[in-house]
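*Asks:*
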């Protein structure tokens, strides 16, 4: 098969595919850039009689094919490592000023935002 010269950001044209009834075909698509902000992907498939891609040459069309769920982005706003003594500053006023240390309990606290709704 030949990738058509009309291929651009959102459309991929494949010419001379040579489809035969009942014979599976695999097309490897590389260097794909994932969209923003994420979400459910859709794809559409239209077959044409020739490589002009004209309305008159349209043969079959599949619309609304569900692809895969594209993950959104996670933006970390603030990250903090808190020592075990920070939680007990009244009982440990001096130690609560120390940073987290090796072989002691600590808490990693992250404040973040996401570009897609998260259902938990």
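Numbering (our numbering), first residue to last: 111 to 230. Idealized CB from N, CA, C, for every residue including glycine.
(1) According to DSSP, residue 155 sits in a beta bridge with which residue or residues?
(2) Does residue 207 come out as helix, strand or coil in the three-state DSSP assignment?
(3) Based on Cα-Cα distance, which residue from 145, 147, 131, 127 lies nearest to residue 138?
(4) Is the CB-CB distance between residue 193 and residue 208 below 7 Å?
(5) Note down the Cα distance separating residue 135 from residue 129, rounded to an integer number of angstroms.
(6) Count the other CB atoms within 10 Å of the CB of residue 195; is the residue buried (16 or more) or exposed (fewer)?
*Replies:* So, from the listed chains and residues:
(1) Taking the chain shown and counting its residues from 1, the one referred to as residue 155 is at position 45. Residue 155 pairs with 172.
(2) One-based indexing of the chain shown puts residue 207 at position 97. Residue 207: helix per DSSP, three-state reduction.
(3) Along the chain shown, read from residue 1 onward, the residue named residue 138 stands at position 28. Cα-wise, what sits closest to residue 138 is 127.
(4) Taking the first residue of the chain shown as 1, we reach residue 193 at position 83. Taking the first residue of the chain shown as 1, we reach residue 208 at position 98. Against a cut-off of 7 Å, the Cβ pair of residue 208 and residue 193 comes out as a contact.
(5) As a first step, residue 135 must be located in the chain shown, where it is residue number 25. As a first step, residue 129 must be located in the chain shown, where it is residue number 19. Roughly 7 Å between the two C-alpha positions.
(6) Here the question's residue 195 lines up with position 85 in the chain shown. Buried, because 16 or more other Cβ atoms sit within 10 Å of the Cβ of residue 195.
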